[in-house]
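Residue numbers (our numbering): 18 to 315. We treat Cβ as the ideally placed atom computed from N, Cα and C, and that holds for glycine. Source: prediction; values computed, not measured. Structure first, then comments.
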């Protein structure tokens, strides 16, 4: 059997040992990081898919936060309007009372004073109801509404995926609702009350006129509350859908980029055995050089 100085077997064993060591390093990295893809070279296509899924996941996650904020806005508006509606109901009761002929002008003046204060409070609520510092019942001037008079809630990372909370362009003061209902502020039963209008109950005829129109105001508030309730239900459905999409996409991303610990643990055991075997063989192969030296020495 010929003997050569160039030890091909040793070189082959070294190359194999280096490959096994490199694979071991990859396995160690995957086990320690929990990720199958730790750099683009691990799986270029998988990295691109995982990044796209991450963008979608983040979009649905933030969309759910946006929707929860939207529900809070709608609830804040609804509760404020509920109090305004209660005051309109009280004004209606006062109008019924003032319309009867058994009260004197002085009595009606007292009723009118209460009605005026209630109207002022309705106007105050419309201006002071805020969310995050922005007015939400003052109409388009409030700063939170879009050009079409609504508050747009972005539901996900998809362009145009929005739910709109209906706006009220003129605000929920008595003046704003009169404008919405196309009721002239020159009607005899109106009077100026500070910066807004108020109903006048100073006479039986005025009280009759208020009775003839105030149901429109009450219905306007009730109708808007119903729309707010409907949009809250829609946003809650969107949150549930976002949660489902978030879960499914996260599962899909996990299968692509996360470490399969059972597979990697099995591979680790295999590679460590191979490394030990190759190291042992490498030592024996190198011993063949001593045979050449012994022949030369002999």
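query                                                                                                                                                                           : result
Select from 286, 260, 291 and 282 the residue whose C-alpha is nearest the C-alpha of residue 77.                                                                               : 260
Report the option in 229, 240, 273 and 188 whose CA atom is closest to the CA atom of residue 140.                                                                              : 188
Is residue 3 helix, strand or coil when you go by DSSP?                                                                                                                         : Nothing about residue 3 can be read from this structure; the chain reaches only from 18 to 315.
How long is the line joining the alpha carbons of residue 231 and residue 255, rounded to whole angstroms?                                                                      : 36 angstroms
So the candidates are 291, 298 and 297; which of them puts its Cα closest to the Cα of residue 38?                                                                              : 291
Would you kindly report the start and end of the unbroken alpha helix (DSSP H) that includes residue 144?                                                                       : 122 to 145
State the DSSP-derived secondary structure class of residue 200, mapped to helix, strand or coil.                                                                               : coil
Are the stretch 58 to 73 and the stretch 91 to 110 touching by the rule of at least three beta carbon pairs closer than 8 angstroms?                                            : no
Rounded to whole angstroms, what's the CA-CA distance from residue 156 to residue 121? Just pull it up for me.                                                                  : 39 angstroms
Taking the DSSP output, what are the residues bridged to residue 282?                                                                                                           : Partner(s): none; residue 282 has no beta bridge.
Note the first and the last residue of the continuous alpha helix (DSSP H) segment covering residue 239.                                                                        : 221 to 274
Roughly how far, in whole angstroms, is the beta-carbon of residue 241 from the beta-carbon of residue 98, given that I think they are within contact range, below 8 angstroms? : 7 angstroms
May I have the straight-line CA-CA distance separating residue 54 from residue 271, to the nearest angstrom?                                                                    : 11 angstroms
Starting from residue 181, trace the alpha helix (DSSP H) both ways and give me its first and last residue.                                                                     : Per DSSP, residue 181 belongs to no alpha helix (DSSP H); it is in the beta strand (DSSP E), 179 to 182.
Beta-carbon within less than 7 angstroms of residue 51's beta-carbon, same chain only, minus the 5 sequence neighbours each way: which residues are those?                      : 275 and 276
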